[in-house]
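**Q**
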Amino acid sequence: MKVRKAVIPAAGLGTRFLPATKALAKEMLPIVDKPTIQFIVEEAKASGIEDILIIEGKSKRSIEDHFDSAPELEQNLAAKGKQTMLDMVHETTDIGVNLFYVRQPHPLGLGDAVGMAKSFVADEPFVVMLGDDLMRDKVPLTQQLINDYNQTKSSILAVKRVPHEEVGAYGVIAPSGEVQDGLYNVDSFVEKPSPEAAPSDLAIIGRYLLTPEIFGILDQHKIGKGGEVQLTDAIDELNKTQRVFAREFMGERFDVGNKFGFVKTTIEYGLRHPEVKDELRKYIIELGKLL
Ligand code: G1P
């Protein structure tokens, strides 16, 4: 079955970015000039996804508005002949995928948020894309997972090696051998282990391809680490009845879910942004001399 649906959980409270996220969705914070969620939607589209469900929390109307038309703004830009800007606005409206929205009434964790996608997904394989991770590679990571699925017909998670002292911030896999270059069989999936207890340094990054059987497990609402329903726990359970693989991602990953990562990503993307890259480069070199 063709993978054509994606779920983007965007219901977190965004507390790491307060006060900016008091009234604004974290997913609307821009990297230079584009909200992080637009990068995610673009990756989905580039990977052949047709329908996307965004799981929202409170104060998230800005996400829906971002992908909607803005007649007053468009008229204004058209009247002033600002075609490039108008094209930019149209790109967000005519994004080329169908967007659906649902609200998660209580922030009960990633597993609970994904569980809300059950009737949207129905009986199809689907991808989960987390907004905190931006990926860059020749082939989009979501497309890589879909390619693996087309071969294996199994669930696959993207993983990446992280420094050992950082494993506690991630779901971590216990690999049990490579089936192909970079594709692992997995013994177990552990949410946020202590570095001493971590089975490896292969951390789950924000892209998952899952079979719909995951919903039968998420429906049980088992509470895990941090008092939340953990997607990692449900995947570990799924792996006992059907194989779940891990794909090691060799491209670049930018973690925009914390302040330092966000600032670094802004600099990296700024250094490639046609409008600001030259000035930014000069500025960083000059600034470096003073530091
Ligand atoms: C979530 C998942 C975790 C995963 C991480 C990737 O954690 O629970 O397994 O490794 O995303 O970004 P969070 O960052 O939401 O705490």
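Last residue of the sequence shown: number 397 in the numbering used here, and the count goes up by one each step with no gaps. For each residue, glycine too, the CB sits at the ideal point set by N, CA and C. Note that this is a predicted model, so its numbers are computed, not measured.
1) Please determine, among 111, 108, 115, the residue with the shortest C-alpha to C-alpha distance to residue 312.
2) I'd like the list of long-range same chain contacts for residue 349, defined as Cβ closer than 8 Å, with 5 residues on each side in sequence excluded.
3) By how many angstroms is the C-alpha of residue 213 removed from the C-alpha of residue 186?
4) Mind checking whether residue 210 and residue 117 have CB atoms under 7 Å apart?
5) Just to confirm my understanding: we take residue 228, look at its own chain, exclude 5 residues before and 5 after, and list those with CB closer than 8 Å. What are they?
6) Between the C-alpha atoms of residue 126 and residue 283, what's the straight-line distance to the nearest angstrom?
7) If you run the structure through DSSP and keep just helix, strand and coil, what is residue 189?
8) Take the Cβ of residue 368 as the centre, count every other Cβ of all protein chains shown within 10 Å, and call the residue buried at 16 or more, exposed below.
9) Quick one: measure Cβ to Cβ for residue 267 and residue 307, integer angstroms, because I've assumed they're closer than 8 Å.
10) Measure from the C-beta of residue 300 to each C-beta in chain D and report whether the shortest distance is under 7 Å.
11) Mind checking whether residue 372 and residue 137 have CB atoms under 7 Å apart?
12) Please classify residue 397: does DSSP put it in a helix, a strand, or coil?
**A** Reading off the structure:
1) Residue 312 sits at position 206 when you count from the first residue of the sequence shown. Closest option to residue 312, Cα to Cα, is 115.
2) Position 243 of the sequence shown, counting from 1, holds the residue named residue 349. The answer, listed in chain order, is 258, 260, 261, 291.
3) Stepping through the sequence shown from its first residue, residue 186 is reached at position 80. Stepping through the sequence shown from its first residue, residue 213 is reached at position 107. Rounded to whole angstroms, the gap between the alpha carbons of residue 186 and residue 213 is 44 Å.
4) Here residue 210 refers to the residue found at position 104 when the sequence shown is read from its first residue. Here residue 117 refers to the residue found at position 11 when the sequence shown is read from its first residue. Cβ atoms of residue 210 and residue 117: closer than 7 Å.
5) In the sequence shown, the residue the question calls residue 228 occupies position 122. Around residue 228, the same chain offers 318 as residues with beta carbons nearer than 8 Å, after the five sequence neighbours per side are excluded.
6) For this step, residue 126 is matched to residue 20 along the sequence shown. For this step, residue 283 is matched to residue 177 along the sequence shown. Spanning the two alpha carbons is a distance of roughly 44 Å.
7) Within the sequence shown, residue 189 is the residue found at index 83, counting from 1. Residue 189 falls in the helix class under three-state DSSP.
8) Residue 368 sits at position 262 when you count from the first residue of the sequence shown. Per the 10 Å Cβ criterion, buried.
9) The residue labelled residue 267 in the question sits at position 161 within the sequence shown. The residue labelled residue 307 in the question sits at position 201 within the sequence shown. The pair is a contact, with the Cβ atoms about 5 Å apart (cut-off 8 Å).
10) Note that chain D does not occur in the displayed structure, where there is just one protein chain.
11) Translated into the one-based positions of the sequence shown, residue 372 becomes position 266. Translated into the one-based positions of the sequence shown, residue 137 becomes position 31. Yes. Within cutoff.
12) Taking the first residue of the sequence shown as position 1, residue 397 is located at position 291. In the structure shown, residue 397 sits in coil (DSSP, three-state: anything other than H, G, I, E or B).
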